[in-house]
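Here the protein sequences come in this chain order: A and B.
Numbering of the first sequence is given in the numbering used here, commencing with residue 7 and proceeding in unit increments.
Numbering of the second sequence is given in the numbering used here, commencing with residue 62 and proceeding in unit increments.
Everything below concerns the one structure shown next.
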Amino acid sequence: MTYRTKPTPHGIGRYLGQFIGYSIFALILGYFSASPDWRYFPADKALVKLSFSLSGERKEACTDRTAKELENIPNSAKVPKSCPRERHPVRVKLWLNDKEVFAGERSPSGLSKDGPSQFYQTFEVPPGQHTLKLEVKDGGPDGGGFEHSASVDLRPRDILAIDLDRKALMLGLPTR
Amino acid sequence: MVLGYIQRPMEWAFEKAELGFDVLFGRAWNPLFYLGALCYFNFWIVAASGIYLYIVFETSVLGAYNSIEAITQEQWYFGGIMRSLHRYASDALLLTTMIHLLREFALDRYRGVRWFSWVVGVPMLWLLIICGINGYWLVWDELAQMIAVWTAEFLDWFPIFGEPIARNFLTKGSLGDRFFSLLIFLHIALPLILLLLMWIHLQRMNRARINPPMGLAIGTFLMLLVLSLIYPAVSHPQADLSHVPEVIHLDWFYLFVYPMIDLWSAGPVWALIYGVTGLLIIMPWLPREKYDAPAVVNPDQCNGCERCFDDCPYGAVIMQLREDDSPYEKIAVVNADACAACGICVGSCPTHTPLRRGDHITTGIDLPDLSLHQLRGQCVATVAGLPDDMPKVILFGCARAVQVEAMNIPGVATVQLPCTGMVPPSLLDFMLRRGGADGVFLTGCGDGECFHRLGGRWVEERLDGTRETYLRTKFSKKRIRLDWASSADGDRLKEDIIAFRDSLPDLPDETDLVETNGVDET
């Protein structure tokens, strides 16, 4: 038999002590599982998402292979044109109500720089009627590009998604 | 060392908290001694409630939210409670895990042989958080929408994905039903991987406690149940990718990282995550205290009884078949890399029982830096140095609790050990019969908070006669006192030792037992 002198609560005191201990733990769990609130987005703003995936023009044009060149190519890869893989970066400018809100350039993806350029950018804007203009340059510094314009009506907390399907403008807006 | 400045106040705080929980819960149910077991217990509640939720969950864009809402509102008395239990037990699991981690750090239980459990625990922590975040996606409410977009933007900070992941959440039509099949698959697979890691986490811990005492388990479950009834878990409005949520009721246990991304942007948060992870992983190898030499087996004395194998808290002793001419079949072998030199194996070894006065003690397993022979000599010498005009007490303490060598109590000789579990009952026997002590007082960090995990438990069981090696003394057991005390408990312990010393003259004279018990001569 050994003798230990640690205090051990007995009877109702023991259960009262546990009740206090568990209550404190439950309060911590209950409170921090959903509080304090986090203000994720201002109530008086709308959100514009500019996001698309677009391949720039090839840096060098495709050339026809000569008959001698074709002879040295395995049958499985024998195509009449030779196309260098590298593409131009894509440059984008976005204006809202004639004010430039974004200007950026993205390199082609992939180790050979032959993949599409990827854009994902978000902007907070005031709600209301907006005219947007999108300018895309996909043919290098001296090359061509295209433009789109549209008019949108945004309410607070609306999300406007600006996307491109190939070169056509796709706008994602809340259904009213 | 900088870590020491952080550890010491934390250690003090934990010891004070332990004393507080002793008062509230009693020592046997003190939750701070069962943090790992409570993690397991909460995991099982999460798993059981999760199975039910999986049965009713619909894996589609519309069905996900509606199925969860249906059980929350229409089946609040069961489905709603299961959902709330799932959430609160998950929160309790993470909170308990964090306290467990901090306590092991504060008490310096992450270095040396414990590096394995510590390092395995680091990915477990992140995996647990990922499981929680993954779970919140499934509800597909505004909170899930926010998490989805934020997570995608956070991952897109590394330009390694072909197309930004965030484009999957651009418009309502971006998301397909298969996305929820993927989420539910992850929400089953990731916890199973976590469970596997929980098993690996304990591989170098013998007799790890994975179940809390029944009373603590019932109390914890009732607490979660009552919380689920009073404050049930509910959803935000349904996710709508054409509108931004304004205010989010965040679960700060699992989702604390998102406000950080919002405030600091993705780059610094990634740096913080990698920094914290790297620091946690290298911590066991940062400049450390010196560990004593590992235990060694004396083949001539070892009889293969397996008691040291059974008692070692770290699985550092293994039994092998003998290949010499010994009549015994097996021999203990020490894995030096896993040995913490706690000496518990010395306390369990029966080969030196009973202790004699003159012989050189050679025991089956011993510590090179503090052999049992040296220990006996130290005990006899310190007691011999005590004055004769008062009762003589020998006080055994462990290096991880109250520093008994600094106590300086008249009439009390002190011996500090790596762990109180190193004391063989035969040494107590010897000190009362032959060593000149009138009483023996044992203290240490003890069961539950024992630095070497099992030392306190084995001491109690050996003295109670329920575990070999047994205490065989015929002296009154009132001459032996066991009193666990943490570093914060020093003043009370000192009072108890003085009271014990002063009680000894009131005990009947037992000197004749020295001559008649015969134990010494057998």
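Each residue gets a CB set at the ideal place from its N, CA and C atoms; glycine is no exception.
As the structure is a computational prediction, the values presented were derived from the model and not from experiment.
Near-chain B residues of the stretch 43 to 63 of chain A (beta-carbon distance less than 7 Å), N- to C-terminal order: Against chain B - using a Cβ distance shorter than 7 Å - the residues of the stretch 43 to 63 of chain A are ASP43, TRP44, ARG45, TYR46, PHE47, ALA49, LEU53, LYS55, SER57, SER59.
Distance between beta carbons of PHE502 (chain B) and VAL586 (chain B), contact taken as under 8 Å: In the structure as shown, chain B starts at 62 and stops at 583, and residue 586 (chain B) therefore has no counterpart that could be examined.
Any C-beta of chain A under 8 Å from that of GLY87 (chain B): yes
Cα-Cα separation between LEU416 (chain B) and LEU493 (chain B), rounded to whole angstroms: 12 Å
Min CB distance LEU288 (chain B) to chain A below 8 Å: yes
Separation of LEU340 (chain B) from PHE317 (chain B), as counted between CA atoms: Pairing PHE317 (chain B) with LEU340 (chain B), the inter-Cα distance amounts to about 20 Å.
Where the beta strand (DSSP E) containing GLU111 (chain A) begins and where it ends: 105 to 112
Residue(s) in a DSSP beta bridge with ALA392 (chain B): Residue identity differs from the one stated: residue 392 (chain B) is Ile in this sequence, not Ala. Per DSSP, B:GLN381.
Contacts of MET284 (chain B) in chain A (Cβ-Cβ under 7 Å): Among the residues of chain A, those whose CB is under 7 Å from the CB of MET284 (chain B) are TYR28, PHE31, ALA32, following chain order.
Endpoints, beta strand (DSSP E) assigned at LEU177 (chain A): 174 to 178
Through-space distance from LEU204 (chain B) to VAL96 (chain A), alpha-carbon basis: 34 Å
Residues of its chain near SER145 (chain B), where Cβ-Cβ distance is below 6 Å and the 5 sequence neighbours each way are ignored: SER289, PRO293, ALA294
Closest Cα partner of TRP519 (chain B) within the set B:GLY408, B:ILE426, B:LEU80, B:VAL476: B:GLY408
Beta-ladder partner(s) of VAL454 (chain B), from DSSP: B:VAL473, B:GLY500
8 Å Cβ cutoff, ILE165 (chain A) in contact with chain C: The structure shown contains no chain C; its protein chains are A and B.
Beta-carbon gap between GLY505 (chain B) and GLY517 (chain B) smaller than 8 Å: yes
Contact residues within the stretch 206 to 224 of chain B, judged by C-beta distance below 7 Å to chain A: MET207, ASP217, GLY223, GLU224
Cβ contact check for the stretch 357 to 376 of chain B and the stretch 262 to 272 of chain B: 3 or more pairs under 8 Å: yes
Cα-Cα separation, PRO220 (chain B) to THR128 (chain A): Distance between the alpha carbons of PRO220 (chain B) and THR128 (chain A) is about 17 Å.
Beta-carbon separation (whole angstroms), VAL305 (chain B) vs ARG163 (chain A), contact threshold 8 Å: Taking 8 Å as the upper bound for CB-CB distance, VAL305 (chain B) and ARG163 (chain A) are in contact here, some 5 Å apart.
Which of helix, strand or coil DSSP assigns to ALA213 (chain B): The three-state reading of DSSP puts ALA213 (chain B) in helix, counting H, G and I together.
Contacts that GLY36 (chain A) makes with chain B (C-beta to C-beta distance below 8 Å): Within chain B, the residues near GLY36 (chain A) are TYR149, LEU288, ILE291, TYR292.
C-beta contact flag for THR443 (chain B) and THR475 (chain B) at 8 Å: yes
At least 3 beta-carbon pairs within less than 8 Å: the stretch 98 to 107 of chain A vs the stretch 131 to 144 of chain A: yes
Contacting residues, own chain, Cβ-Cβ under 7 Å from ALA549 (chain B) (five flanking each side not counted): TRP73, GLU76, LYS77, LEU80
Residues of its chain near ASP169 (chain B), where Cβ-Cβ distance is below 7 Å and the 5 sequence neighbours each way are ignored: GLN68
Contact set for VAL200 (chain B): own chain, Cβ-Cβ below 6 Å, skip 5 residues either direction: ILE129, SER296.
Residues from the stretch 166 to 182 of chain A in contact with chain B, defined by Cβ distance under 8 Å: Of all residues in the stretch 166 to 182 of chain A, ALA167, ASP169, GLY178, LEU179, PRO180, THR181 have a Cβ within less than 8 Å of some Cβ in chain B.
Within 8 Å, strictly: CB atoms of CYS410 (chain B) and GLY425 (chain B): yes
Where ARG45 (chain A) falls, given that 16 or more other Cβ within 10 Å makes a residue buried: exposed
Same chain, Cβ closer than 7 Å to VAL595 (chain B), five either side skipped, listed in chain order: Since the first residue shown for chain B is 62 and the last is 583, residue 595 (chain B) is missing from the structure and cannot be characterised.
Near-chain A residues of the stretch 151 to 166 of chain B (beta-carbon distance less than 8 Å), N- to C-terminal order: ASP152, ALA153, LEU156
Short-range partners of chain A found in the stretch 305 to 330 of chain B, where Cβ spacing is below 7 Å: VAL305, PRO306, GLU307, VAL308, ILE309, HIS310, LEU311, ASP312, TRP313, PHE314, PRO320
CB contact check: ALA40 (chain A) to chain B, cutoff 8 Å: Answer yes: the Cβ-Cβ gap between ALA40 (chain A) and chain B drops below 8 Å somewhere.
With 16 other Cβ atoms within 10 Å as the buried cut-off, status of LEU428 (chain B): buried
Check whether VAL107 (chain B) and PHE241 (chain B) have beta carbons under 8 Å apart: no
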